[in-house]
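Step one of this worksheet: look at the structure below.
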Amino acid sequence: MNNRTVRRSVLISGGSIAGLTLAYWLRRYDFDVTVVERAPTPRPGGQAVDLRGVAKEVAERMGIMPEIDRARVHENGLAYVDKTGAWSARMPAELFDGEGAVAGIEILRGDLTEILYAAAQSGVEYIFDDTITGMREVSDGVVVSFRHRASRVFDVVVGADGLHSTVRKLAFGPEADFVHHLGAYMAYFTVPVDGLGLTDWFQLHNAPGGKLVAVRPEGPSTAKAMFGFKATDLVYDRHDVEGQKRILAETFAEMGWLAPRLLAGMEHAPDFFFDTISQTRMDDWSRGRIVLVGDAGYCGSPLSGNGTAMAMVGAYVLAGELARSRGDHHAAFTGYQQQLRPYVTECQKLPPGGVNGFLPSSRAAIRMRNLSVRMFTSTPLRGLMAKSMQKADSIVLTDYTVFEPARQPAASNIPPTSS
Ligand SMILES: Cc1cc2nc3c(=O)[nH]c(=O)nc-3n(C[C@H](O)[C@H](O)[C@H](O)COP(=O)(O)OP(=O)(O)OC[C@H]3O[C@@H](n4cnc5c(N)ncnc54)[C@H](O)[C@@H]3O)c2cc1C
Numbered sequence: 006m007n008n009r010t011v012r013r014s015v016l017i018s019g020g021s022i023a024g025l026t027l028a029y030w031l032r033r034y035d036f037d038v039t040v041v042e043r044a045p046t047p048r049p050g051g052q053a054v055d056l057r058g059v060a061k062e063v064a065e066r067m068g069i070m071p072e073i074d075r076a077r078v079h080e081n082g083l084a085y086v087d088k089t090g091a092w093s094a095r096m097p098a099e100l101f102d103g104e105g106a107v108a109g110i111e112i113l114r115g116d117l118t119e120i121l122y123a124a125a126q127s128g129v130e131y132i133f134d135d136t137i138t139g140m141r142e143v144s145d146g147v148v149v150s151f152r153h154r155a156s157r158v159f160d161v162v163v164g165a166d167g168l169h170s171t172v173r174k175l176a177f178g179p180e181a182d183f184v185h186h187l188g189a190y191m192a193y194f195t196v197p198v199d200g201l202g203l204t205d206w207f208q209l210h211n212a213p214g215g216k217l218v219a220v221r222p223e224g225p226s227t228a229k230a231m232f233g234f235k236a237t238d239l240v241y242d243r244h245d246v247e248g249q250k251r252i253l254a255e256t257f258a259e260m261g262w263l264a265p266r267l268l269a270g271m272e273h274a275p276d277f278f279f280d281t282i283s284q285t286r287m288d289d290w291s292r293g294r295i296v297l298v299g300d301a302g303y304c305g306s307p308l309s310g311n312g313t314a315m316a317m318v319g320a321y322v323l324a325g326e327l328a329r330s331r332g333d334h335h336a337a338f339t340g341y342q343q344q345l346r347p348y349v350t351e352c353q354k355l356p357p358g359g360v361n362g363f364l365p366s367s368r369a370a371i372r373m374r375n376l377s378v379r380m381f382t383s384t385p386l387r388g389l390m391a392k393s394m395q396k397a398d399s400i401v402l403t404d405y406t407v408f409e410p411a412r413q414p415a416a417s418n419i420p421p422t423s424s
């Protein structure tokens with residue numbers, strides 16, 4: 006056996022939740038791993054994201070739960086407030102044993118990224134500030150060209166580069182064929198906490214017109230702001246942050262509650278993030294030696310939640326199947342898709358009311374939403390709501406530890422490739 010059949014090289018485009026989790030697991034199975042990330046460092050920022058069900062199991066298997074526990078956000082739950090800040094409806098975190106709208110483990114996306122980056126250091130080559138510009142599949146690999154460096158050949162290329170994936174565009178076709186806009190936009194950023202008078206609740210305020218302003222405390226000096234609004238086809242430059250801030254300031258100019266203070270804080274936010282609320286829907290996540298993981302292949306949108314979970318679980322399964330297939334990328338991608346598809350289908354289901362439930366358009370619709378939250382969190386109906394939230398457990402993780410080099414079993418003990 007020559008060296009090339011033993012150590013296979015994988016290029017991962019995107020160093021966020023999916024890309025870093027994948028890099029960690031591929032190294033554990035002794036692959037040569039390179040991550041190319043467009044940003045100069047792993048990107049900070051984002052709101053609290055959930056870690057529940059099988060995603061927590063992936064984190065446990067990675068041995069990063071102590072770090073996650075230290076970084077987790079302690080929140081009492083989620084409260085809908087009116088323009089004076091008075092509560093209209095609320096969902097305490099403990100109500101669904103940590104599997105409700107506010108999960109038992111909530112961690113800031115930026116903190117989770119840092120933890121994953123620290124875990125995926127040993128033996129991983131990182132290329133920051135660069136992007137893939139072209140890919141050409143040849144008989145034994147993919148020739149990849151980069152914007153700022155010479156071309157290289159990899160056995161497999163993985164697109165973990167999010168909703169607007171370059172890998173998907175290059176290998177599968179235009180974004181419009183796969184990304185479905187749900188009719189709304191979201192922005193997240195960090196603001197100083199001074200004068201906001203926050204409690205340990207994630208507070209959300211809806212206003213007519215399908216507008217939402219929300220804020221959650223982050224620590225003694227900062228808070229995380231979130232804005233959402235309905236709009237169909239805004240024309241804006243995805244790389245022009247100042248232009249996106251102007252859109253937000255204009256859209257929320259008349260909004261009450263804490264909106265003016267949060268918008269004032271936005272001007273100096275170090276981590277402003279703005280995007281559509283969209284889902285990626287694809288029949289196949291691979292083409293030849295190229296495969297997608299996380300939002301690039303199956304973004305669920307903030308409405309369905311579980312984006313972090315799908316990214317981590319997808320990365321775990323993809324790495325495991327690549328290890329199991331011992332060089333047969335076709336078998337690996339088939340196994341990956343077969344195992345993950347039912348889980349992704351479940352996770353991508355939108356909550357009742359879809360975007361209208363999240364961003365109700367009229368005062369009457371806001372009142373109805375608050376009423377339904379009060380009803381569904383009451384004792385008799387709580388079970389129904391809990392059931393609708395348990396999608397994160399609709400997969401059983403395969404144990405791939407036999408494929409870790411130190412634990413190589415005798416050939417006859419190797420589980421078959423089909424799942
Ligand atoms: C800054 C930021 C803030 C976010 N905040 C929230 C939030 O508050 N709540 C929420 O629910 N979700 C948020 N998300 C999305 C969330 O991280 C994902 O839905 C989920 O975790 C799946 O992760 P992912 O790794 O598949 O995609 P993402 O987290 O979107 O990561 C994609 C990565 O690929 C990189 N990238 C993109 N294009 C290229 C390219 N051409 N070449 C190389 N690298 C590229 C990006 O810089 C990014 O690091 C945020 C994403 C980002 C990037």
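Residue numbering for the sequence shown follows this note's numbering, beginning at 6 and increasing consecutively. Built from N, CA and C at the ideal position, the CB exists for glycine as well. Everything numeric in this text was worked out from a predicted model, so none of it was measured.
By the criterion of a C-beta distance shorter than 8 Å, Val143 is surrounded in its chain by Val158, once the five residues flanking it on both sides are discounted.
Counting only unbroken stretches of 4 or more residues, the alpha helix (DSSP H) elements lying wholly within the region 52 to 104 are 58 to 67, 70 to 76, in sequence order.
One Cα belongs to Arg374, the other to Asn361, and the distance between them is close to 9 Å. For Thr350, the enclosing alpha helix (DSSP H) covers residues 334 to 352.
Membership of Leu268 in the alpha helix (DSSP H) is indicated by the continuous run 264 to 271.
For Met380, the secondary structure class from DSSP, reduced to helix, strand or coil, is helix. Secondary structure of Gly146 (DSSP, three-state): strand.
In this structure, the C-beta of Gly178 stays at least 6 Å away from each heavy atom of ligand 1. Note that the region 224 to 233 does not touch the region 150 to 167; fewer than 3 beta-carbon pairs, one per stretch, sit closer than 8 Å. Relative to Glu99, the option among Glu111, Ala411, Gly325, His186 whose CA is nearest is Glu111. Check the Cα spacing between Gly248 and each of Met260, Arg266, Met271: the tightest is with Met271. Taking C-alpha positions only, Leu27 is separated from Tyr321 by approximately 6 Å. Boundaries of the beta strand (DSSP E) harbouring Gln284: 278 to 285, taken from the DSSP string. At a Cβ-Cβ threshold of 7 Å, Ala324 and Ala60 do not count as neighbours.
Taking a contact as a CB-CB distance under 8 Å, the pair Val184 and Leu168 counts as one, their CB atoms being some 6 Å apart. Check the Cα spacing between Phe363 and each of Tyr303, Leu217, Arg57: the tightest is with Leu217.
Pairing Ala123 with Met67, the inter-Cα distance amounts to about 12 Å. Under the DSSP assignment, Ile22 falls outside any beta strand (DSSP E), being part of the alpha helix (DSSP H) whose first and last residues are 22 to 33.
For Asn211, the uninterrupted beta strand (DSSP E) segment begins and ends at 206 to 212.
Screening all residues for a C-beta within a distance smaller than 5 Å of any heavy atom in ligand 1 leaves Ser18, Gly19, Ser21, Ile22, Ala23, Glu42, Arg43, Ala44, Arg48, Gly50, Gly51, Gln52, Arg114, Thr136, Asp166, Gly167, Thr171, Tyr193, Phe278, Gly299, Asp300, Pro307, Gly312, Thr313, Ala316, in chain order. Annotation for Leu253: the continuous alpha helix (DSSP H) segment containing it runs 246 to 256.
Distance check between Leu268 and each of Asp276, Phe257, Pro275, Gly359 places Phe257 closest, using alpha-carbon atoms only.
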